[in-house]
Amino acid sequence: MTETKPGEIFILIPGGTSRHGTSLNEGKFTAAYLEETSTLSMNPGDMARLALKAGDRVRLRTKQGSIELACAAAKPDELPSGLLFLPFGDWTSRLMGTETHGTGMPDSTALDVEVEKV
């Protein structure tokens with residue numbers, strides 16, 4: 009039996025982008041929207057340290073759920089080491105909890121996620 013090595017912990021910052029907004033207006037089932045919301049942006053140094061290259065698949069895991077998606081290097085100086093970015097969409101929703109603290113909105117920013125190469 010092989011032992012599973014736990015992934016490294018990062019902070020995921022879900023949010024919007026210009027392409028996210030324009031492709032959303034075209035529809036949630038368009039290729040542009042699906043590509044934008046299913047590509048994880050990472051610090052290039054973090055990708056190198058984890059032996060990842062653009063297009064490699066990673067698993068993100070929180071207490072609420074787990075997803076697998078492709079990763080891409082962020083532009084230089086766009087994301088500090090230890091931070092990840094993924095546009096709001098179906099994939100980010102799968103990682104959020106249901107607790108709203110009375111606001112009606114679940115915690116959706118600064119999510120602690122475990123990352124491992126698939």
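Count the sequence shown with the working numbering and you get residues 9 to 126, in order. No residue lacks a Cβ here, since even glycine has one placed at the ideal position from N, Cα and C.
Self-check item: residue 49 burial status per 10 Å Cβ neighbour count (16 or more: buried)
Solution: buried
Quiz item: How do the region 77-88 and the region 59-67 stand: do at least 3 beta-carbon pairs fall below 8 Å, yes or no?
Solution: Touching, yes.
Self-check item: Residue environment, residue 120, which counts as buried when at least 16 other CB atoms sit within 10 Å
Solution: exposed
Quiz prompt | Buried or exposed (CB count within 10 angstroms, at least 16 for buried), residue 89 | solution = exposed
Exercise. Report all residues from its chain with a CB closer than 6 Å to the CB of residue 55; omit the five preceding and five following residues, and keep chain order.
Key: 81
Practice problem: Work out the CA separation of residue 125 and residue 94 for me, nearest whole Å. | Solution: 17 Å
Quiz item: Which runs of the beta strand (DSSP E) fall wholly inside the region 34-102 and span at least 3 residues, in chain order?
Solution: Look at the region 34-102 and you find these whole runs of beta strand (DSSP E), each 3 residues long or longer: 47-50, 65-69, 74-81, 91-95.
Quiz item: According to DSSP, is residue 126 helix, strand or coil?
Solution: coil
Quiz prompt | Own chain residues within Cβ distance below 6 Å of residue 171, not counting five before or after | solution = As displayed, the chain neither begins before 9 nor continues past 126, which places residue 171 out of reach and without an answer.
Exercise. Determine the direct distance from the alpha carbon of residue 96 to that of residue 23, and round the result to whole angstroms.
Key: 5 Å
Quiz item: Thinking C-beta only, is residue 51 closer than 8 Å to residue 20?
Solution: Cβ atoms of residue 20 and residue 51: not closer than 8 Å.
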